[in-house]
Ligand SMILES: Cc1cc2nc3c(=O)[nH]c(=O)nc-3n(C[C@H](O)[C@H](O)[C@H](O)COP(=O)(O)OP(=O)(O)OC[C@H]3O[C@@H](n4cnc5c(N)ncnc54)[C@H](O)[C@@H]3O)c2cc1C
């Protein structure tokens with residue numbers, strides 16, 4: 002969700018070289034009818050398939066369990082969209098600026114609510130270097146923000162105890178996205194616009210002379226295309242063993258607490274999405290589609306297998322979430338747990354995204370490494386993937402595999 006300390010140190014070094022990929026208006030469609038198979042219909046693969054289709058490619062999208070399924074990293078009700086990225090890549094903040102526009106444009110076009118403009122609040126901790134460094138980046142990317150004192154925050158959101166928070170960054174135009182619903186909406190638009198979708202498990206075919214020869218699917222068929230895009234989130238290392246040490250799926254637990262009846266203080270009408278930049282790196286989404294007050298700890302959990310893991314929460318993490326609630330949201334100290342999820346982050350080694358060709362196959366693209374912050378970027382990653390595959394624009398060099406191999 003947010004960038005932790007180890008990410009900060011990597012990202013600091015990248016601050017200046019950030020804007021290699023200019024975020025601009027969509028490239029005008031050309032008369033290209035390249036065929037592309039996209040494997041994985043999550044936030045990255047679904048949007049890639051749709052954007053490829055919009056750029057006139059002939060696209061087939063495959064997914065083993067369906068878009069936003071319960072195992073996928075894009076599953077669940079909601080995801081935060083915020084642009085405060087510390088001193089990190091200007092690229093991400095620019096991508097969020099464009100993503101905010103694209104999400105709203107598409108929800109209007111599809112007549113389905115995907116974006117909730119609750120605002121996004123980032124509470125600084127005793128070390129506020131992350132938040133301080135973010136401000137000029139936000140300004141440069143044209144993201145509106147307010148720098149709020151503890152007193153201002155407490156006045157606006159009395160349901161939060163701001164003890165230990167010296168100040169906060171508030172983005173009034175950010176908020177949260179409907180996650181699973183968005184994956185489904187993307188798929189619907191893809192199919193409606195002539196894309197072909199199949200629910201099937203894919204394995205890569207042989208690579209000969211720098212080209213993958215096709216994709217094997219569950220029905221024993223071999224599917225072929227000009228290009229193959231693998232957007233397999235936490236499964237990338239399973240499909241391509243050379244990525245095992247580069248993409249690590251970690252167990253993340255998410256809790257939904259029941260608010261008092263008729264109490265709207267914890268809905269998006271009265272509370273922004275929030276991230277605590279202090280020593281307890283929790284974040285949360287108010288309302289959360291009536292599923293309860295969502296909170297999760299951004300600390301990376303143990304490595305898991307996304308296919309076989311039993312998705313039951315641990316007593317230890319539940320106790321830690323309750324302890325946090327008691328301090329930061331005292332009115333919810335005794336709130337009952339009403340639902341829970343176990344999800345995974347698909348962390349790249351440096352927590353930056355990956356968009357690059359397979360090192361041994363020029364017709365294969367690898368897309369992933371969302372690292373706990375990928376969902377919001379789906380529409381923009383989709384554009385970048387489509388541009389890269391169709392050779393319309395080079396992908397950002399910061400997303401190259403070379404940095405990790
Ligand atoms: C708890 C939690 C909170 C998060 N919070 C935020 C947030 O607030 N904001 C944000 O922007 N991001 C957030 N993220 C991160 C974000 O959700 C992910 O980075 C993003 O959804 C990754 O999308 P993806 O398409 O790469 O992967 P996935 O959604 O996992 O998609 C991969 C797809 O591949 C399919 N697949 C796997 N193997 C095969 C196969 N062999 N053949 C065919 N299909 C296959 C799967 O079924 C799956 O649908 C969060 C993640 C978690 C877990």
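Numbering (this note's numbering), first residue to last: 2 to 406. We treat Cβ as the ideally placed atom computed from N, Cα and C, and that holds for glycine. Note that the structure is a prediction, hence the values are computed from the model and not measured.
With distances taken from CA atoms, which of 181, 278, 262, 368 is nearest residue 125?
Translated into the one-based positions of the chain shown, residue 125 becomes position 124. Among 181, 278, 262, 368, the Cα nearest to that of residue 125 belongs to 278.
According to DSSP, simplified to helix, strand and coil, what is residue 164?
Taking the first residue of the chain shown as 1, we reach residue 164 at position 163. The answer is coil: DSSP assigns residue 164 none of H, G, I, E or B.
Assigned secondary structure, residue 388 (DSSP; H/G/I helix, E/B strand, else coil)
Position 387 of the chain shown, counted from the first residue, corresponds to residue 388. DSSP places residue 388 in helix when its eight states are reduced to three.
Determine the contact status of residue 180 and residue 75, defining contact as a CB-CB distance below 8 Å.
Counting from one through the chain shown, the residue named residue 180 turns up at place 179. Counting from one through the chain shown, the residue named residue 75 turns up at place 74. Against a cut-off of 8 Å, the Cβ pair of residue 75 and residue 180 comes out as a contact.
Under the three-state DSSP convention, the category residue 69 falls into
Position 68 of the chain shown holds residue 69. Reduced to three states, the DSSP call for residue 69 is coil.
Who does residue 150 pair with in a DSSP beta bridge?
Counting from one through the chain shown, the residue named residue 150 turns up at place 149. 168.
Quick one: residues in its chain with C-beta nearer than 7 Å to the C-beta of residue 178, no 5 flanking neighbours on either side, listed in chain order?
Counted from its first residue, the chain shown places residue 178 at position 177. So the qualifying residues of the chain are 79, 80, 82, 104, 115, 116, 376, 377.
Under 8 Å, with one C-beta from each stretch per pair, do the region 343-361 and the region 284-295 reach the 3-pair mark?
no
For the beta strand (DSSP E) containing residue 123, list its first residue and its last residue.
If you number the chain shown from 1, residue 123 lands on position 122. Its beta strand (DSSP E) spans residues 121-124.
Runs of 3 residues minimum, wholly inside the region 207-271: which ones carry the beta strand (DSSP E) assignment?
216-218, 228-231, 248-258
For residue 403, count neighbouring C-beta atoms within 10 Å of its own C-beta (all shown protein chains included) and say buried if the count is 16 or more, exposed if not.
In the chain shown, the residue the question calls residue 403 occupies position 402. Exposed, by the Cβ-count rule.
Are there 16 or more other CB atoms within 10 angstroms of the CB of residue 17, so buried, or fewer, so exposed?
Here the question's residue 17 lines up with position 16 in the chain shown. Low local confidence applies: a pLDDT of 31 at residue 17 is under 50, so the model's placement there is unreliable, with the coordinate-based value given in what follows. By the neighbour-count rule (16 or more Cβ atoms within 10 Å), residue 17 is not buried but exposed.
Given the structure, does residue 235 come close to ligand 1, in the sense that its CB is under 7 Å from one of the ligand's heavy atoms?
The residue given as residue 235 occupies position 234 in the chain shown. Result yes, Cβ under 7 Å from ligand 1.
Starting from residue 363, trace the beta strand (DSSP E) both ways and give me its first and last residue.
Numbered from its first residue, the chain shown carries residue 363 at position 362. Residues 362-369.
Look at residue 168 and residue 272 and say whether their C-beta atoms are less than 8 Å apart.
Here residue 168 refers to the residue found at position 167 when the chain shown is read from its first residue. Here residue 272 refers to the residue found at position 271 when the chain shown is read from its first residue. Inclusion of residue 168 and residue 272 in the CB contact set at 8 Å is not warranted, their separation being larger than that value.
Am I right that residue 54 and residue 194 are in contact with their C-beta atoms under 8 Å? What's the rounded C-beta distance?
Your numbering for residue 54 matches position 53 in the chain shown. Your numbering for residue 194 matches position 193 in the chain shown. Correct: roughly 5 Å between the Cβ atoms.
So, helix, strand or coil for residue 28, using DSSP?
Reading the chain shown from its first residue, position 27 is the one you call residue 28. Low confidence applies to residue 28: its pLDDT is 49, below 50, so where it sits in the model is not reliable enough to give any reading.
Can you give the Cα-Cα distance for residue 63 and residue 268, rounded to whole angstroms?
Within the chain shown, numbered from 1, the residue matching residue 63 stands at position 62. Within the chain shown, numbered from 1, the residue matching residue 268 stands at position 267. So the alpha carbons of these two residues sit roughly 36 Å apart.
Excluding the five sequence neighbours on either side, which residues of its own chain have a C-beta within less than 6 Å of the C-beta of residue 240, listed in chain order?
Taking the first residue of the chain shown as position 1, residue 240 is located at position 239. Correct list, in chain order: 233.
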